[in-house]
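Asks: Quick mapping for you: the protein sequence lines, in order, are chains A and B.
Sequence positions in the first sequence follow the working numbering and run 512 to 807.
Sequence positions in the second sequence follow the working numbering and run 731 to 1117.
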Amino acid sequence: MDFRLTDDQRALQAGMRDLLAARFDRERLRATVRNPALDRALWRALGDAGFFALRLPESEGGVGLGLPEAVLLFEEAGRALLPGPLVATHLAAGSVPGAASGDTVVTARDGELIEWLTDADHILGEAPEPTPAPTPTPIRSIDPLTPLHRVRSRPTTTPCPGAALLTAAQQLGSAGRTLDMAVSHARTREQFGQPIGAFQAVKHLCAQLLVRTETARTAVYAAAVTEDPLDLATAKLLADEAAVNNARDCLQVHGGMGFTWEADVHLHLKRAWVRAQQWQTAAEAEEALATGLGQP
Amino acid sequence: MNLGYTAEEERFRQELRTWLAKTLPTLPPKPNPLDWPARRAYDLGWQRTLYDAGYGELHWGATPTQHLIFLEETERAGAPYVGANFVGLLHAGPTIAAEGTPEQRQRWLPPILRGEEVWCQGFSEPEAGSDLAALRTRAVRDGAGAGAGAGAGDYIVTGTKIWTSHAEVADWCELLVRTDPTVPKHRGITWLAMPMDAPGVTIRPLRTLAGSTEFAELLLDEVRIPVSHRIGEENDGWRVTMVTLSFERGTAFVGEVIACQRVLRELAETARRNGRWDDAVLRRRLGRLHAEFRALWRLTQWNVSEAEAAERGVPGVGGSVFKLRYSHARQDLYDTAAAVLGPESLDLSHAWTLDRLSSLSYTIAAGTSQIQQNIVAERILGLPKGR
């Protein structure tokens, strides 16, 4: 048993981090916030890097890696706050033409919600329906980088454990990023003649950010290895909690600055709130875990 | 990222499982939790049984993964907990194994492993709890003079120690003393092995809020401790202690995580029986605790993997992350137990009621949550030290 990342996994993680630093740095993030549209060129660059085809067998033109590696890439995407229907397109690779290469943008209906509907070429799993489907109506999305449509009918989505885990991995990445942002601010911002990180109250906020991140990390990585439904529910529940509460605490550490549009913290918090509603909510995860009590 | 075990590790697990199934039914009944001499005899008996079967040395002689399997299987099978042997097996023993001379290892380790001697911990003081390095118990060299051999003479120790668990039934105490008051506080500390029957040692039991006398105050009045009982160099005790504490925070709680998972399953069963399972708020709370303890188990595996990779198997500071999360989860577990039990939770004869009271110590013992958060913030996150 060696739970740590292998050298290959570390290299994959570093490669993705480099790619995103080059193609989606903070400047690009803020530009996208000003003009929210899906970047097709970046989507294809992700395709070229194997982001979508990662888990397809090599014989089908894929990379032939597994869920643990996918989780590492999605964690990096979460760190960078990369927008777009990443999970649906990744899941569509191999079944929807062009998804694996990043030429086709695929979204999915998840409960009552569909993200990035206007920019997408395809909705995952939507077969021509015998009766006219209800028309999705746009809602004013809380997250400027996740356009949302709502379908007011009984949700038809079946639970998709892989989707929940890849969403959890993005939450983990976001939690790690807000931890870094909070610590970096606490080290440099001075008040009362010293860095605010010297104050115990701020220190303890930062310590809890780390505790949440590391707990979520082990839960997400373990679920990627075992694919056990209870591990998956654990991962989604704790990663949602880490992303949301880390963003909140990071905002608190930033004080008044944290409440402004210019700081990136609110973007992490809003995305975390969106993801917490996606694929497996806290209530669903908790019910699954409660039901699982008593099983070996 | 590999959570599988090697064929050899699986073989070890199977052997251990078979042995536990055969051995546990032959054990004597568990003693009354308030009867310390009986608990000492029971805990030492279990350690002797383990030793005779070749499992005595697993707490520090094995790889971290073997240790993990051992703790996992013994807890799953419902085997006795380390109990009075906690400090000897998980604390003083590993420290002497890592830092002692060959003679010292020969003197102290076999009696711990054979279930013959019980150790207690003399770290905290009334004026130095969380600020451990502020300890004031003094030790002065006598009899040999500065020029005599390194191991000659005695330390004469005077001071007060507090929160010493199992003191009444201990044979030895891992004692931190101040040997040089003139240097910065971390540098003048020495680690000594003190016999509990030495003249000048007075034990005053303290009653906990749970009603038990599991810990005590130690009054030390000119206690003579031979210099040969010193582990590590004089004034190097702080470094030796950090080795000890990293054990305490790293792997010492493995069995307890599994025990908590068992309690959680029993809670769910009880709730299903008494009708409280229909309360969605309570049911979801149980579900959340299930996630919590599953994640804590993964965190344990993560820490063991790190320890296995690290030199000499000393667990890293990541143990602080575990300790912080675990101590709160454990309190939450027993508060939830009270919600499941309802009025019955006020009855002291219910085991969970006593456990609920005991769990209050978890955010205090072995470094309070506040101190752990300072450690995490300063040593892992690199935030500046406060004034």
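Backbone N, C-alpha and C define an ideal beta-carbon position, used for all residues, glycine too.
Quick caveat, the model's predicted, so the values are computed rather than measured.
1) Across which residues does DSSP place S570 (chain A) in a beta bridge pair?
2) So, is the C-beta of Q520 (chain A) closer than 8 Å to a C-beta in chain B?
3) So, with DSSP's three-state summary, where would you put V987 (chain B)?
4) Once you ignore the five residues that flank G1097 (chain B) on each side, which residues in its own chain have a CB closer than 6 Å to its CB?
5) Pull up the distance between the alpha-carbon of P925 (chain B) and that of E1036 (chain B), whole angstroms please.
6) May I ask which residues mark the beginning and end of the beta strand (DSSP E) holding C903 (chain B)?
7) Looking only at its chain, what residues have a beta carbon closer than 7 Å to the beta carbon of A746 (chain A), apart from the 5 residues adjacent to it on each side?
8) So, are the CB atoms of H1020 (chain B) and L994 (chain B) less than 8 Å apart?
9) Please report how far the alpha carbon of A758 (chain A) lies from the alpha carbon of V713 (chain A), in whole angstroms.
10) Quick one: is Q1031 (chain B) near chain A, going by C-beta distance under 8 Å?
11) Can you pull the chain B neighbours of P579 (chain A), defined as C-beta to C-beta under 7 Å?
12) Check the Cβ of L800 (chain A) against every Cβ in chain B and list those closer than 9 Å, keeping chain order.
13) Check each residue of the segment 994-1011 of chain B: if its Cβ is closer than 7 Å to any Cβ of chain A, include it; give the result in chain order.
14) Which partner residues of Q851 (chain B) appear in the DSSP bridge assignment?
15) State buried or exposed for G1072 (chain B), treating a residue as buried only when at least 16 other CB atoms are found within 10 Å of its CB.
16) Closest Cβ-Cβ distance between R1028 (chain B) and chain A: below 8 Å?
17) If R661 (chain A) and T646 (chain A) are in contact, beta carbons under 8 Å, what's the gap, nearest whole angstrom?
18) Report yes if the C-beta distance between L565 (chain A) and L553 (chain A) is below 8 Å; otherwise report no.
19) Within this structure, are the beta carbons of A599 (chain A) and A619 (chain A) separated by less than 8 Å?
20) Could one say the Cβ of P645 (chain A) lies closer than 8 Å to chain B's Cβ atoms, at least one of them?
21) Helix, strand or coil: how does DSSP classify F945 (chain B) here?
22) Could you tell me whether any Cβ in chain B is nearer than 8 Å to the Cβ of E587 (chain A)?
23) Are the segment 943-955 of chain B and the segment 885-893 of chain B in contact at 8 Å, needing three or more beta carbon pairs?
24) Along the segment 730-748 of chain A, where does the CB come closer than 8 Å to a CB of chain B? Name the residues.
25) Where do the N-terminal and C-terminal ends of the alpha helix (DSSP H) with V812 (chain B) fall, by residue?
26) Is it true that the CB of A869 (chain B) sits closer than 8 Å to the CB of V931 (chain B)?
27) According to DSSP, what are the bridge partners of R759 (chain A)?
28) Looking only at C-alpha atoms, which of B:W790, B:I988 and B:T779 sits nearest to A822 (chain B)?
29) Only counting the same chain, and skipping five residues up and downstream in sequence, which positions put a Cβ closer than 8 Å to that of I1101 (chain B)?
30) Can you tell me whether DSSP reads P761 (chain B) as helix, strand or coil?
31) In angstroms with no decimal places, state the Cα-to-Cα distance between F514 (chain A) and A1039 (chain B).
32) If we define contact as Cβ-Cβ less than 8 Å, is L584 (chain A) a contact residue for chain B?
33) Are the C-beta atoms of Q711 (chain A) and some chain B residue less than 8 Å apart?
34) Using the beta-carbon count (16 or more within 10 Å), is L757 (chain B) buried or exposed?
35) With a CB to CB cut of under 8 Å and the five nearest residues on each side skipped, what residues in its chain are close to G526 (chain A)?
36) Exposed or buried, which one is S1057 (chain B) when buried takes at least 16 other CB atoms within 10 Å?
Replies: According to the structure data:
1) Within the first sequence, the letter at position 59 stands for residue 570 (chain A). Note: S570 (chain A) sits in no beta bridge, so no partner.
2) Taking the first residue of the first sequence as 1, we reach residue 520 (chain A) at position 9. For Q520 (chain A), the answer is yes, since a Cβ of chain B falls inside 8 Å of its Cβ.
3) As a working note, residue 987 (chain B) is residue 257 in the second sequence. It is helical.
4) By one-based count along the second sequence, residue 1097 (chain B) stands at place 367. The beta carbon of G1097 (chain B) sits closer than 6 Å to no other beta carbon from its chain once the five residues preceding and following it are set aside.
5) As a first step, residue 925 (chain B) must be located in the second sequence, where it is residue number 195. As a first step, residue 1036 (chain B) must be located in the second sequence, where it is residue number 306. One C-alpha to the other measures close to 35 Å.
6) Within the second sequence, the letter at position 173 stands for residue 903 (chain B). Element bounds for C903 (chain B): W902 to R908.
7) Numbered from 1 along the first sequence, position 235 holds the residue referred to as residue 746 (chain A). Around A746 (chain A), the same chain offers L676, A679, A730, V731 and A734 as residues with beta carbons nearer than 7 Å, after the five sequence neighbours per side are excluded.
8) Taking the second sequence and counting its residues from 1, the one referred to as residue 1020 (chain B) is at position 290. Taking the second sequence and counting its residues from 1, the one referred to as residue 994 (chain B) is at position 264. Using a Cβ distance threshold of 8 Å, H1020 (chain B) and L994 (chain B) count as a contacting pair.
9) On the first sequence, residue 758 (chain A) is found 247 positions in, with the first residue counted as 1. On the first sequence, residue 713 (chain A) is found 202 positions in, with the first residue counted as 1. Distance between the alpha carbons of A758 (chain A) and V713 (chain A) is about 14 Å.
10) The residue you call residue 1031 (chain B) lines up with position 301 of the second sequence. Chain A, which has a Cβ nearer than 8 Å to the Cβ of Q1031 (chain B), makes this yes.
11) Position 68 of the first sequence, counted from the start, is the residue given in the question as residue 579 (chain A). Identification of chain B residues near P579 (chain A) by a Cβ-Cβ cut-off of 7 Å yields M731, ordered along the chain.
12) Residue numbering aside, residue 800 (chain A) sits at position 289 when the first sequence is read from its first letter. Going along chain B in sequence order, the residues near L800 (chain A) (Cβ under 9 Å) are R1014, L1016, G1017, R1018, L1019, H1020, A1021 and R1024.
13) Listed by position, the residues of the segment 994-1011 of chain B near chain A (Cβ gap below 7 Å) are L994, R995, A998 and E999.
14) The count along the second sequence starts at 1 and reaches residue 851 (chain B) at position 121. Per DSSP, B:E904.
15) In the second sequence, counting from the first residue as 1, residue 1072 (chain B) sits at position 342. That one is exposed.
16) By 1-based counting over the second sequence, the position of residue 1028 (chain B) is 298. When Cβ-Cβ separations below 8 Å define contact, R1028 (chain B) makes contact with chain A.
17) On the first sequence, position 150 is the one that residue 661 (chain A) refers to. On the first sequence, position 135 is the one that residue 646 (chain A) refers to. 10 Å between Cβ atoms; not a contact.
18) Counting from one through the first sequence, the residue named residue 565 (chain A) turns up at place 54. Counting from one through the first sequence, the residue named residue 553 (chain A) turns up at place 42. One thing to note: L565 (chain A) has its Cβ no nearer than 8 Å to the Cβ of L553 (chain A).
19) Against the first sequence, residue 599 (chain A) aligns to sequence position 88. Against the first sequence, residue 619 (chain A) aligns to sequence position 108. Yes. Within cutoff.
20) Taking the first sequence and counting its residues from 1, the one referred to as residue 645 (chain A) is at position 134. No, its Cβ sits nowhere closer than 8 Å to a Cβ of chain B.
21) Indexing the second sequence from 1 puts residue 945 (chain B) at position 215. Of the three classes helix, strand and coil, the one that applies to F945 (chain B) here is strand, per DSSP.
22) Counting from 1 along the first sequence, the entry for residue 587 (chain A) is found at position 76. No, because no Cβ of chain B sits closer than 8 Å to the Cβ of E587 (chain A).
23) The segment 943-955 of chain B vs the segment 885-893 of chain B: in contact.
24) The segment 730-748 of chain A vs chain B, Cβ under 8 Å: A730, Y732, A733, A735, V736, T737, L741, D742, A744, T745 and L748.
25) The sequence position of residue 812 (chain B) within the second sequence is 82, counting from 1. Note, V812 (chain B): premise wrong, no alpha helix (DSSP H); not H, not E.
26) Along the second sequence, read from residue 1 onward, the residue named residue 931 (chain B) stands at position 201. Along the second sequence, read from residue 1 onward, the residue named residue 869 (chain B) stands at position 139. No, these two residues do not count as a Cβ contact at 8 Å.
27) If you number the first sequence from 1, residue 759 (chain A) lands on position 248. R759 (chain A) pairs with nothing; no bridge assigned.
28) Residue 822 (chain B) sits at position 92 when you count from the first residue of the second sequence. Measuring C-alpha to C-alpha distances from A822 (chain B) to each of B:W790, B:I988 and B:T779 identifies B:W790 as the nearest.
29) If you number the second sequence from 1, residue 1101 (chain B) lands on position 371. Cβ contact annotation for I1101 (chain B) (same chain, cutoff 8 Å, sequence separation greater than five): S860, in chain order.
30) Here residue 761 (chain B) corresponds to residue number 31 of the second sequence, with the count starting at 1. Here P761 (chain B) sits in coil by DSSP.
31) Looking up residue 514 (chain A) in the first sequence gives position 3. Looking up residue 1039 (chain B) in the second sequence gives position 309. If I take the Cα positions, the gap works out to 11 Å.
32) The residue you call residue 584 (chain A) lines up with position 73 of the first sequence. With 8 Å as the cut-off, L584 (chain A) does not count as an interface residue toward chain B.
33) On the first sequence, residue 711 (chain A) is found 200 positions in, with the first residue counted as 1. So yes, Q711 (chain A) belongs to the interface.
34) Residue 757 (chain B) sits at position 27 when you count from the first residue of the second sequence. Around the beta carbon of L757 (chain B), fewer than 16 other beta carbons lie within 10 angstroms, which makes this residue exposed.
35) Numbered from 1 along the first sequence, position 15 holds the residue referred to as residue 526 (chain A). Hits under 8 Å: A560.
36) As a position in the second sequence, residue 1057 (chain B) is number 327, starting the count at 1. Buried, by the Cβ-count rule.
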